[in-house]
Every structure is written in C-alpha cells, then in structure tokens.
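Here the sequence shown stands for residues 4 to 287, where the numbers follow my numbering.
Backbone N, C-alpha and C fix where the C-beta goes; we use that ideal spot for every residue, glycine too.
Report on one structure; see the data block that follows.
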Amino acid sequence: MNIQKILVIGAGQMGAGIAQVCAMSGFDVVLNDINQESIDRGMKTIHKNLSRQVEKERLTNEQKQSVLERITPNLALNEVSGVDLVIEAAVENMEVKSNLFAKLDSITSEHTILATNTSSLPITEIAAATKRPEKVIGMHFMNPVPVMKLVEIIRGLATSDEVYEIIEDLTKKLNKVPVEVNDFPGFVSNRILMPMINEAIYTVYEGVATPEAVDEVMKLGMNHPMGPLTLADFIGLDTCLYIMEILHDGFGDDKYRACPLLRKYVKAGWLGRKSGRGFFIYES
Ligand code: NAI
C-alpha cells in the first residue's frame, strides 16, 4: 500500500508537530481540529518552526512554502476524503477517542489505516470501537515531534502484520526510528518514565530535597539532559497524573500510586509550563 494522504486529528502540541513532520516528508496532510483557535495556533507553530529551519539554512524559502502548501487545515471531518492513513492526536480521553474511531471507521475508505498517538490508553480498546481492528495501531510520537527521533509502534491484539510493516516503513520515511512494543499500560516509555517522575515528586513531598536539587542530581549524576521535574512541567502535570492513574488501574500495584503532591498541584491548576507554574515558574 502506498500512503499519500494523511489526516492528522487534533492540532495541539502533538498534532501540529506530526502534521509538520509528515508534510516535510512529502505527504499531503489534512490537519483537523474541532476548534478554530487550535488550528490557528497549530499552523502558527508550524510556520515558526519552518522559518527557524530557513534561518539555519536547513530549508530554502521555496521548500518552506511547499511544505505549508501540503497542509490543509480542516474543521469538518465529514468533508475529508481520499485519506490512506489517519493519525489521531486529540485529547487523552477514552470516550473522545472511541467516538472518533467509530466515526473514522464509517467515513474513511476500507483500506485506510487508523493510528492513534495515545500515550497510555489501550490500543485494543480503541480498536474495538471500529469494525477494522486489524487496521488500528498505536504510533506514539515524542514531544517535541520535529526534534525527537523515537516513535513507539504499538500493536493492538488484532493489529495485522501487514499494517505493522506499513507503519514501520512510514515511520522511517518520516526520518524517525520505530520501536515495536506490545499493548500494555504505559507501553514502554511511560511505564518507565512516569514512575521515575512520580518518585522525584515524592522526594520533594517527603522533604528530602528541593525541586532544583532533585533535577540537578539527575542531570549531573545520571547524565539526563533535563531533570525529571522540569520534564514533568514540560509534559504537563495533568497528563503525568492521568498516566499514573492508567498505570495504577492497569497493574494495581502500589508502586504506581500517584504522589499526593502531584494531585494537589493539578487541583491547584499548577499544570507546568502550559499554565505558567508547576514545580518551577515560567514567564509567559
Ligand atoms: P493538546 O491539548 O495540546 O491538543 C489536543 C487537541 O485536540 C486540541 O487542539 C483539541 O481542540 C483537539 N481535540 C479535542 N477533541 C477533538 C476531536 N473530537 N476532534 C478533533 N480534535 C479534537 O494535547 P497534546 O499534548 O497534543 O496531546 C494529544 C495526544 O497526544 C494525547 O492523546 C496525548 O496523550 C498524546 N501525547 C502527548 C504527549 C505530550 O508530551 N504532550 C506526548 C505523546 C503523546
């Protein structure tokens, strides 16, 4: 199967990055959202990223223009046609994703592959909302998408080998590195990362060290490019809490219990970089 046209759903931080990367690799892209402001913000981010590439002489002005021309913003899913692949990057909510996949199943052609960028929800359950579970797969990009090399490719229970191979091949065409994983809570990335972030939060909660000290230890001592609390602020503390709850639900083990301090910050609206305050304070 030759993928030519890709529909990206959700123009937020992940969807905009995915649309940019697909267009830069020569694919025709439709960028859909339910919210005009999100589309405007997403397109503005893509513009800015591409202009930076032009300044660094990694892209010519003509190349920038043709990448932008390959992206069509869209607010009406029903009007989209001729799509070979959908990559869904809407909010992390099972009800939203199930409804979307049921709708996509009814409006796209029989051959269309339906991928989701979920960071923690079960692919198998999302696939069950469709009549084509063999064509449903997880494509978990990392943030920021244009910079990060990894894409975790997650097989649902029914995902076919053929679909896996098409997506693996496409990921390489996007200049990314695919890594195959199975459908378990948190996959590999968040199953390992989130308990570490949670433990860093417990370390602050129990008064062992300040957030600055925790991050400094992990950066200088473990050679991490960014401390766990800075990373948590970057991901969004609400997202971190959500993923810890998925891990706790899925495995039942106490080691996945979210730290009370994380809950408190989320309740306070301290969501990290996006709200201006999390473990650290950010200028707008
Ligand atoms: P975001 O909040 O920046 O963007 C989500 C977008 O989806 C919003 O623009 C919203 O208007 C739109 N949306 C909501 N419902 C929709 C619908 N029914 N149809 C079309 N658009 C809809 O969220 P973000 O961070 O981009 O996350 C998106 C997905 O990517 C989530 O599943 C998240 O778990 C996953 N993810 C997030 C990462 C991160 O670091 N933020 C990393 C990897 C995956």
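query                                                                                                                                                                                         : result
Considering only their Cβ atoms, is the gap separating MET4 from ILE169 smaller than 7 Å?                                                                                                     : yes
Could you pull the start and end residues of the alpha helix (DSSP H) that ALA323 belongs to?                                                                                                 : This structure does not reach residue 323, given that the chain is present from 4 up to 287, and the question cannot be answered.
Could you tell me the distance, in whole angstroms, from the CA atom of SER112 to the CA atom of VAL89?                                                                                       : 11 Å
Determine the extent of the alpha helix (DSSP H) in which HIS50 is found, giving its start and end residues.                                                                                  : 39–58
Pick from ALA131, ASN64, SER122: whose alpha carbon is nearest that of LEU107?                                                                                                                : ALA131
Less than 7 Å between the C-beta atoms of VAL154 and LYS179, yes or no?                                                                                                                       : yes
What does PRO76 pair with, by DSSP beta-bridge criteria?                                                                                                                                      : LEU34
What is the DSSP secondary structure of VAL139, reduced to helix, strand or coil?                                                                                                             : strand
Exposed or buried, which one is TYR259 when buried takes at least 16 other CB atoms within 10 Å?                                                                                              : buried
By DSSP, does LYS100 sit in helix, in strand, or in coil?                                                                                                                                     : helix
Please name the residue or residues paired with ASN185 in a DSSP beta bridge.                                                                                                                 : ARG158
Starting from the C-beta of GLY18, find all residues in its chain whose C-beta is less than 6 Å away, skip the five residues before and the five after it, and write them out in chain order. : VAL11, ALA92
Under three-state DSSP, which class holds LEU117?                                                                                                                                             : strand
My assumption, with CB atoms under 8 Å, is that VAL86 sits in contact with THR119. Please give the rounded CB distance.                                                                       : Not quite, the Cβ-Cβ distance comes to about 15 Å (not below 8 Å), so this is no contact.
May I ask which residues mark the beginning and end of the alpha helix (DSSP H) holding LEU264?                                                                                               : 263–271
Could you tell me the alpha carbon to alpha carbon distance between ALA216 and ILE204, rounded to whole angstroms?                                                                            : 12 Å
So, helix, strand or coil for LEU62, using DSSP?                                                                                                                                              : coil
Residues bridged to ARG280 by DSSP?                                                                                                                                                           : GLY275, ILE284
Report yes if the CB atom of ASP241 is closer than 7 Å to the CB atom of VAL269, and no otherwise.                                                                                            : yes
Using the rule of at least 16 other Cβ atoms within 10 Å of the residue's Cβ for burial, across every protein chain shown, is VAL24 buried or exposed?                                        : buried
Going by Cα to Cα distance, which pick from THR121, VAL32, GLY230, PRO149 is closest to ILE157?                                                                                               : THR121
Three or more C-beta pairs closer than 8 Å, one from the segment 216–227 and one from the segment 187–196: is that the case here?                                                             : no
List the residues that DSSP assigns as beta-bridge partners of ILE90.                                                                                                                         : VAL11, ALA118
In this structure, does DSSP put LEU173 in helix, strand or coil?                                                                                                                             : helix
For THR213 and ILE126, I'd like the C-alpha separation in whole angstroms.                                                                                                                    : 38 Å
Can you grab the Cα-Cα spacing for the pair VAL57 / LYS267, in whole Å?                                                                                                                       : 43 Å
Check VAL180 in the structure and name its three-state DSSP category.                                                                                                                         : strand
Per DSSP, which residues does LEU153 bridge with? Please list them.                                                                                                                           : VAL180
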